[in-house]
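Contents: one structure, followed by commentary.
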Amino acid sequence: MRVADIRVQLEAGKVGRDMHQLVTQLYPICRSITGDGVRETLRQIGQQIPLSVHEVASGTPVFDWTVPKEWNIRDAYIKDSSGKRVVDFKRSNLHVVNYSVPVHRTMSLEELKPHLHTLPDYPDWIPYRASYYQETWGFCLSHRQFAELAAGEYEVCVDSSLEDGHLTYGECYLPGETSDEVLFSSHVCHPSLCNDNLSGISLAVFLAKYLQSATHRYSYRFLFAPTTIGSITWLAKNETRTERIKQGLVLACAGDAGRMTYKKSRRGNADVDRAVAHVFKHAGGDFEINDFSPWGYDERQFCSPGFNLPMGCLMRTPNGRFPEYHTSADNLEFVRAEHLEDSYRKCLAILDVLENNRVYVNQSPKCEPRLGKRGLYAGLGSRAQVARHELGLLWVLNFSDGDHDLLGIAEKSGLEFSTVREAADALCQHHLLELRPN
Amino acid sequence: MRVADIRVQLEAGKVGRDMHQLVTQLYPICRSITGDGVRETLRQIGQQIPLSVHEVASGTPVFDWTVPKEWNIRDAYIKDSSGKRVVDFKRSNLHVVNYSVPVHRTMSLEELKPHLHTLPDYPDWIPYRASYYQETWGFCLSHRQFAELAAGEYEVCVDSSLEDGHLTYGECYLPGETSDEVLFSSHVCHPSLCNDNLSGISLAVFLAKYLQSATHRYSYRFLFAPTTIGSITWLAKNETRTERIKQGLVLACAGDAGRMTYKKSRRGNADVDRAVAHVFKHAGGDFEINDFSPWGYDERQFCSPGFNLPMGCLMRTPNGRFPEYHTSADNLEFVRAEHLEDSYRKCLAILDVLENNRVYVNQSPKCEPRLGKRGLYAGLGSRAQVARHELGLLWVLNFSDGDHDLLGIAEKSGLEFSTVREAADALCQHHLLELRPN
Amino acid sequence: MRVADIRVQLEAGKVGRDMHQLVTQLYPICRSITGDGVRETLRQIGQQIPLSVHEVASGTPVFDWTVPKEWNIRDAYIKDSSGKRVVDFKRSNLHVVNYSVPVHRTMSLEELKPHLHTLPDYPDWIPYRASYYQETWGFCLSHRQFAELAAGEYEVCVDSSLEDGHLTYGECYLPGETSDEVLFSSHVCHPSLCNDNLSGISLAVFLAKYLQSATHRYSYRFLFAPTTIGSITWLAKNETRTERIKQGLVLACAGDAGRMTYKKSRRGNADVDRAVAHVFKHAGGDFEINDFSPWGYDERQFCSPGFNLPMGCLMRTPNGRFPEYHTSADNLEFVRAEHLEDSYRKCLAILDVLENNRVYVNQSPKCEPRLGKRGLYAGLGSRAQVARHELGLLWVLNFSDGDHDLLGIAEKSGLEFSTVREAADALCQHHLLELRPN
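Protein chains in written order, with the working numbering: chain A, 1 to 438; chain B, 439 to 876; chain C, 877 to 1314.
Here it is in structure tokens:
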């Protein structure tokens, strides 16, 4: 079954609930850019879709970078003088600055304070902090907790390890009719944060599940890797294969209530840029499309000038533009099934465009062919009632000159891609259209 | 006398009255895509301008189409049980569905009803319907007439013939200084409907009359043919000659009170597209310019991808956008002399641009030449008072670099084409400018 | 010291006062397109900056023109019957039509009137008039003076000479690291008029003074010549050298209170056009940018199609758009130190762009290089707080692909040029960037 055909059969609500369930399942795991949290996350993803897991040793040079030491953590807390855990990693893995080095000491509140991070503007929220490349330790806590800390001595413990080990990433590869690839990338390095980026992981998993059940022209690769160092490592390991990548999307922040946002590839007019713009425009709701900029998620690496891959970044509310971003408020309530499902459906519509966007050549290019005698439309000819379908036929015939792809015809005509695709299908059946030879 | 010179001498009102007179004269004829109505129309046009009439036999293959059987009609009516003609072709030729096959039967009102067409929203108007490629018959009547039909038996008669014969079209060819052609096309297949398209026919006839009295660079061809099958037949018969066509306009709906509308050629930036846009912009009134779309009038055929001719469509209110369209209300009152004349004058301004739009080369390109010593402008030099004419001289000199045509200079400067053309003429007289060699 | 570095050290107010002082000093001199007024002006400019003065003999052919006779004037007046000077050149050199031929006669008021020019709408202002190429004489006076002239006889005297002599212009050439040139041009032919163009002269002089104290990549040429015939003469004498000119600005009307205005070069997208647009946009205030048009100041000559130099015209309120233009109200009060200084500072910002706008190539183009380990930014990685400087680094790295110059990166990113330039400097120091070889 083709990508285009399967998506109309979705049961409303079901996939959104399943996506949210996966978010819920992965939520408690303490992920980082390396370590067992990533491994456990990939193991659970591998229960949903075929996944190959790769381990790259600490110290491996990857372009200008080096794979870092592996970080693992078992426990962490701050105990007051009565021995009570006033900050406890077991209650929230955000309480520890990600990549904190081991520490076990007693110290005064004054000594401790430089290691404590809070959000005075949101006194109930725990911030998320990480320090991958500067060896330090710290705790994050709500400002309310912080305010209650009495002067005195505290026992501080981070029971972590930072040692030679591996960086771990996973790939799901779904071969298609051609070796041309569509790459989806979702970062898997954030601990208990839902929109950023369990939502993107869940979206990628469910797209992969969908594609397993469809025939598809492109081969698809889903990458689950830690941000920055993960995509850099993947690119270093797959440098020569990147030329197969014809389309791509970084998926992140896909479950909040905000409008859809797309950040274009560095090229700015790649097929995927045009496809997303088309789908957003015809979907009816509000949306935002931004030019490429060299910060954000892993499109920074994929679109670095030495690669310049045709990959954009698909989000709802972008990173840093919702107050819950990188705090404990980015939780299971912030991300909702209906928004996850909406993101998913838009991705399927994008896939429909990418899969079916071809260049055809009109086989009867001199004057219009007679559509009526082929039953392509009725003969009682008041032109005022030319229907949408018939417009599709005329547009496709007129602009299938070998220079315009179907998406270009949809853009020019204002018609939705599916209308244009259906017209092309009908015209192909009557041999009025043929695929342009490469 | 040049196109540019003659048009300023027009007597206001006269040509509009003459154009409306021609519309009035042709109004009663029952035209269709074939048959004696077209022949009679062409005979009367031939009394105004030199016209060669072509007959193409039924069954002749023309690209994907076949020339249809010829249709003629002598009479048609619906008689009630008292023998009274309640619907009578002799009162309005719109009463019969165009291309109705012969019928002569008595039938009940219930049997008859599926063959009757009305406009409930405009109960006094008779709709216009045709069925060229599906053999059927029918009557059109006002909804008021329809409502008065009592139950009972009716005698129904269409005294028509649909037999092998010919498709007829006419051409007026006016040779110019070069064999490069401007093609005007007007459809002649509609019965008693004025704006669509006796207005276009009349406009074409009067443009041809005008050009007969002027010298012109281009050769002009005026095509009077039935829509769709007529233009397809003409293109099939003239396929190799189409490369001479450098400019063209489909003329239709040229007599209503609406603003001017232009639909661009498929190319979108042909000289004729630029010329029309320029003339509309400087004419002062409201106007509308639309991109090409593959439906409408015969530009569908001329701009099919195998021809892609530089032809747009000039109208006032476009087909389907006025309620009188394809009804008996598109009559001699709906089309008015003043609107016909306005369309005519705009066409002459467009011809002025097309005829005189040349590329010149400044013969004194280093610094400005001294215009004052050639009497090209006065020497008392307050620059604040540089007049329009002098601006024209400076713009033409500066941009006559071999890359800009005069229309391009008019577009860039915001000056009207005639200002720029007059400046070029003056500079040529002083040998400061020469035509760019081809 | 580089152009970029010196300009931040300017003492506010000082240069504006100095510029106004130079305007004041040059104000009384009666300049014209030839003669001793220009010579005296150039002599005083030569006291500020190194200046070579050129004399070109009357009658010398310069392209389509001829160097005119030299005009000098000693005195001029109109005396009433009591012998009182009712109009006196010694009170304002605007009182005589510039280039008036000698006359000394007695005549009636009626005979005199055709030689008198006033501004009825501004009855206190004396207009400025010139008649270079039509030999005549005349007086300009306020309309109030004119109204008071009683009937009777008047003694009229213009003690001038119009004889073979020379046209005079001055050049200040400041060699830089390359022979590529930036040309500044200011006209020196107007008598006691401040904004037009003592302001432009003063701006040019102070830019030259500034550049003398800086190291610079470009060589700079400042041309002080009469308008039209002066620039034409210079171009005729330097025809083969014009290909060195890579950037240029005509400077005029630089001291009034209006917003900055820039008229683009004929090319429309020359570096200087982009640089000025960038500086205006980031300067914060209101401004206006216009397309090239072939009238105005000497850009008419520099941008004639045979030269088409990349030169625009920088002004505050353009010529002809302030009522004081070409009247005695364009005086020392109309031009103010603060506006002169503002024009000067904007020119320095433009020079900063022109001097430092280079194309670099990222030496680590595959993925982002690790900036943190080079101390280029801090490691505690909340992306939400990426600072302006860090954005500059990322933008420069990503778009230094050999196709984008720094100004292009500034335009794309929305960052100010100085931010981008500083980022490029820092990246060069760490060998992450290198100048693109030519």
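Idealized CB from N, CA, C, for every residue including glycine.
For glutamate 1244(C), a Cβ of chain A is located within less than 8 Å of the residue's own Cβ. With respect to chain A, the C-beta atom of phenylalanine 772(B) has no partner C-beta closer than 8 Å. From the listed residues Val491(B), Phe837(B) and Ser520(B), the smallest Cα separation to serine 1141(C) is found for Phe837(B). Counting only Cβ-Cβ distances below 8 Å, aspartate 1281(C) has no contacts in chain A at all, with the closest Cβ about 15 Å away.
Between the alpha carbons of threonine 1091(C) and serine 1219(C) lies a distance of about 22 Å. Cβ-Cβ separation between phenylalanine 206(A) and valine 67(A): approximately 30 Å, too far for a contact (criterion under 8 Å). Contact of tyrosine 133(A) with chain C is assigned, a C-beta pair being separated by under 8 Å. Close CB contacts of glycine 1046(C) within its chain, under the 6 Å cut and outside five residues either way in sequence, are with Leu918, Leu927, Val929 and Phe1100 (chain order). Proximity of chain C to phenylalanine 139(A) at the Cβ level (cut-off 8 Å) is not reached, the minimal Cβ distance being about 14 Å. About 46 Å separates the Cβ atoms of glycine 614(B) and tyrosine 560(B), ruling out a contact at the 8 Å cut-off. When beta bridges are read from the DSSP output, glutamate 872(B) appears opposite Val799(B). In this model, alanine 151(A) and cysteine 30(A) are separated by some 31 Å (Cα to Cα). Per DSSP, glutamine 1305(C) is one residue of the alpha helix (DSSP H) stretching across 1293 to 1305. Distance from the CA of asparagine 510(B) to the CA of valine 858(B), rounded to the nearest whole angstrom, comes to 53 Å.
Note that the C-beta distance between valine 1237(C) and aspartate 1281(C) is not below 8 Å.
Annotated three-state conformation of glutamate 573(B) is coil, per DSSP.
With contacts defined by Cβ atoms closer than 8 Å, tyrosine 975(C) and serine 908(C) form a contacting pair. Taking a contact as a CB-CB distance under 8 Å, the pair cysteine 1129(C) and serine 1075(C) counts as one, their CB atoms being some 6 Å apart.
The shortest C-alpha to C-alpha distance from alanine 864(B) to any of Trp833(B), Asp729(B) and Ser851(B) is the one to Trp833(B).
For arginine 469(B), there is no enclosing alpha helix (DSSP H), since its DSSP letter is neither H nor E. Here DSSP, grouped into helix, strand and coil, assigns aspartate 75(A) to strand. Taking 8 Å as the CB threshold, leucine 873(B) stays off the interface with chain C.
Exposure of arginine 826(B) is indicated by the presence of fewer than 16 other C-beta atoms within 10 angstroms of its C-beta. Partner residues in the beta bridge of valine 491(B), as assigned by DSSP, are Gly608(B). For a Cβ distance threshold of 9 Å, nothing in chain B lies close to proline 318(A): the least Cβ distance comes to about 34 Å. Close CB contacts of asparagine 769(B) within its chain, under the 6 Å cut and outside five residues either way in sequence, are with Cys632 (chain order). Within 10 angstroms of the beta-carbon of arginine 105(A) lie fewer than 16 other beta-carbons, which makes it exposed. When the five nearest sequence neighbours on each side are left out, the beta carbons in the same chain lying within less than 7 Å of the beta carbon of tryptophan 672(B) are those of Tyr607, Leu661 and Ala663, in order along the chain.
Below 8 Å, enough C-beta pairs join the segment 147 to 165 of chain A and the segment 80 to 92 of chain A to call them touching: three or more.
Taking CB atoms only, glycine 1248(C) has a neighbour in chain A less than 8 Å away. Your pair histidine 1063(C) and threonine 910(C) does not check out as a contact, with CB atoms roughly 13 Å apart and the cut at 8 Å.
Glutamate 1209(C) sits exposed, since fewer than 16 C-beta atoms from the chains shown fall within 10 Å of its C-beta.
The Cβ of phenylalanine 146(A) sits no closer than 8 Å to any Cβ of chain C. If you check the CB distance, tryptophan 125(A) and alanine 337(A) do not come in under 8 Å. Selection Leu873(B), Leu464(B), Arg682(B) and Asn635(B) evaluated against threonine 616(B) yields Arg682(B) as nearest (Cα-Cα). Against leucine 1270(C), the close residues of chain A are Pro294 and Trp295, in the order they occur along the chain (beta-carbon pairs closer than 7 Å).
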